[in-house]
């Protein structure tokens, strides 16, 4: 934990002192996502070239540097206010850019300058269709319907997965000894079980084997136990069998079992299913 906290602290210091606004450009996925999702009806901070003039040419090279360079019929004053206030140091007059985080600082700056001249801001919170083509922004369109559908599906999946949450926790670990052969060819495997009651009440817990091996392998050294809310406990159990489960003489046979642990008071609500591997010895080890 200390190493994790130290790593976070180092990253934050590096971000604030060195990386700064480059985090928005190179690290944050927002800029990459917006370039895929945006279209001409997406509302964003946009500079009106119709009213302000083209500050950049088709190759995105700046051609206007001061007010005298601006055509007389255009409103941009080349005051650079929109550039000065930008936290990512871009020029919104250049067009849509990955670095833009739509903070609207440029909109406020241009609104102040143009307001003193009695004119409307050249940078507005609108869409390309509205500011450049004079068309009304379409809120309901194929893309927004698709995004809404995907969002609903994701939320639905979260609800479904949330409804399948487990109401108790159980970890099963095998001991270092693979198996033990007792009298009468009885084979035993030992396991360490870690239980946690995640409920707000005390419950009595038990465990059983499910499936085809329920009648072939028995649980020993285990008794039902009570566990208070939020408490953890460790139990050692033994699974054993006297039945012949494999005739393989070349190697030991791993058998996958399904164990069900549950609260006796609410067996159909508070339960978990876990897999455990039972190791059965090769046939020549048995008498």
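In my numbering, the protein residues as written are 35 to 321. From the three backbone atoms N, C-alpha and C, an ideal C-beta is built for every residue, glycine too. Please read these numbers as outputs of a predicted model, since none were measured by experiment.
**Asked** Ends of the beta strand (DSSP E) at residue 287?
**Response** Locating residue 287 in the chain shown gives position 253, counting from the first residue. 287 to 297 is the extent of the beta strand (DSSP E) around residue 287.
**residue 316 vs residue 204 beta-carbon contact at 8 Å** = The residue given as residue 316 occupies position 282 in the chain shown. The residue given as residue 204 occupies position 170 in the chain shown. Their beta carbons are not under 8 Å apart, which means residue 316 does not touch residue 204 by this criterion.
**Request:** Take residue 94 and list the residues in its own chain whose beta-carbon comes closer than 8 Å to its own, dropping the five residues that flank it on each side.
**Result:** Position 60 of the chain shown holds residue 94. Same-chain partners within the cutoff: 128 and 129.
**Message:** So the candidates are 261, 272 and 312; which of them puts its Cα closest to the Cα of residue 297?
**Reply:** The count along the chain shown starts at 1 and reaches residue 297 at position 263. Checked all of 261, 272 and 312; the closest Cα to residue 297 is 261.
**Request:** Could you tell me the distance, in whole angstroms, from the CA atom of residue 263 to the CA atom of residue 237?
**Result:** The sequence position of residue 263 within the chain shown is 229, counting from 1. The sequence position of residue 237 within the chain shown is 203, counting from 1. The alpha-carbon atoms of residue 263 and residue 237 are separated by roughly 8 Å.
**Prompt:** Got a sec, what are the start and stop residues for the alpha helix (DSSP H) residue 165 sits in?
**Reply:** Taking the chain shown and counting its residues from 1, the one referred to as residue 165 is at position 131. It spans 162 to 166 - the alpha helix (DSSP H) in which residue 165 sits, taken as one unbroken run.
**Prompt:** Exposed or buried, which one is residue 98 when buried takes at least 16 other CB atoms within 10 Å?
**Reply:** Sequence index remark: in the chain shown, residue 98 carries index 64 (1-based). Result: buried.
**Request:** For the region 108 to 123 and the region 39 to 51, state whether three or more C-beta atom pairs, one from each stretch, are separated by less than 8 Å.
**Result:** no
**Request:** From the DSSP output, in three-state form, read off residue 253 for me.
**Result:** As a first step, residue 253 is located in the chain shown; it is residue number 219 there, counting from the start. It is a strand residue.
**Message:** Using 8 Å as the cut-off, can you tell me whether the region 245 to 261 makes contact with the region 282 to 291, which would need three or more C-beta pairs spanning the two stretches below that distance?
**Reply:** yes
**Asked** Which residue comes first and which comes last in the beta strand (DSSP E) that contains residue 135?
**Response** On the chain shown, residue 135 is found 101 positions in, with the first residue counted as 1. Note, residue 135: premise wrong, no beta strand (DSSP E); not H, not E.
**Asked** Of all the options 44, 78, 274 and 71, which has the alpha carbon lying nearest to the alpha carbon of residue 161?
**Response** For the purposes of this step, residue 161 is taken as the residue at position 127 of the chain shown. Of the candidates 44, 78, 274 and 71, the one whose C-alpha sits nearest the C-alpha of residue 161 is 78.
**Asked** Along the chain, where does the beta strand (DSSP E) that runs through residue 225 open and close?
**Response** Here the question's residue 225 lines up with position 191 in the chain shown. Segment 221 to 231, the beta strand (DSSP E) holding residue 225.
**Asked** Whole alpha helix (DSSP H) runs in the region 44 to 94 with 4 or more residues, listed along the chain?
**Response** 64 to 71 and 83 to 86
**Asked** Whole-angstrom Cβ separation of residue 251 and residue 241, contact assumed at under 8 Å?
**Response** Here residue 251 is taken as the residue at index 217 of the chain shown, counted from 1. Here residue 241 is taken as the residue at index 207 of the chain shown, counted from 1. Not confirmed; about 12 Å, so no contact.
**Message:** Checking 8 Å against the spacing of the C-beta atoms, do residue 295 and residue 202 come in under that value?
**Reply:** As a first step, residue 295 is located in the chain shown; it is residue number 261 there, counting from the start. As a first step, residue 202 is located in the chain shown; it is residue number 168 there, counting from the start. Yes, Cβ-Cβ distance for residue 295 and residue 202 is below 8 Å.
**Item:** Other residues of its chain near residue 283: CB distance less than 8 Å, five sequence neighbours each side excluded
**Value:** Numbered from its first residue, the chain shown carries residue 283 at position 249. The residues are 316, 317 and 318.
**Span separating the alpha-carbon of residue 314 from that of residue 302** = Walking along the chain shown from the start, residue 314 turns up at place 280. Walking along the chain shown from the start, residue 302 turns up at place 268. Each residue's alpha carbon lies about 31 Å from the other.
**Request:** Please classify residue 319: does DSSP put it in a helix, a strand, or coil?
**Result:** Taking the chain shown and counting its residues from 1, the one referred to as residue 319 is at position 285. The answer is helix: DSSP assigns residue 319 an H, G or I state.
**Request:** Closer than 7 Å by C-beta to residue 159: which residues in its own chain qualify, once you throw out the five before and the five after it? Chain order, please.
**Result:** For the purposes of this step, residue 159 is identified with residue 125 of the chain shown, where counting begins at 1. 77, 79, 138 and 141.
**Rounded distance between the beta-carbons of residue 255 and residue 227, thought under 8 Å** = On the chain shown, residue 227 is found 193 positions in, with the first residue counted as 1. On the chain shown, residue 255 is found 221 positions in, with the first residue counted as 1. That belief does not hold up - the Cβ atoms of residue 227 and residue 255 are roughly 11 Å apart, past 8 Å.
**Request:** List the endpoints of the continuous alpha helix (DSSP H) containing residue 3.
**Result:** No information on residue 3 is available, as it lies outside the stretch 35 to 321 that the chain covers here.
**Item:** Unbroken beta strand (DSSP E) run spanning residue 274, endpoints
**Value:** In the chain shown, residue 274 corresponds to position 240, counting from 1. Where residue 274 is concerned, the enclosing beta strand (DSSP E) stretches over 266 to 275.
**Prompt:** So what does DSSP say about residue 279, is it helix, strand or coil?
**Reply:** Taking the chain shown and counting its residues from 1, the one referred to as residue 279 is at position 245. Here residue 279 sits in coil by DSSP.
**Message:** Going by DSSP in three states, residue 310 sits in which element: helix, strand or coil?
**Reply:** Counting from 1 along the chain shown, the entry for residue 310 is found at position 276. Strand.
**Asked** Between the beta-carbon of residue 164 and the beta-carbon of residue 306, is there less than 8 Å?
**Response** If you number the chain shown from 1, residue 164 lands on position 130. If you number the chain shown from 1, residue 306 lands on position 272. Contact flag unset, no.
**Request:** Use the C-beta contact count for residue 174: other C-beta atoms within 10 angstroms, 16 or more gives buried, fewer gives exposed.
**Result:** Locating residue 174 in the chain shown gives position 140, where the first residue counts as 1. That one is exposed.
**Request:** State the start and end residues of the unbroken beta strand (DSSP E) segment that holds residue 118.
**Result:** As a first step, residue 118 must be located in the chain shown, where it is residue number 84. Unbroken run through residue 118 is the alpha helix (DSSP H), 115 to 118; no beta strand (DSSP E).
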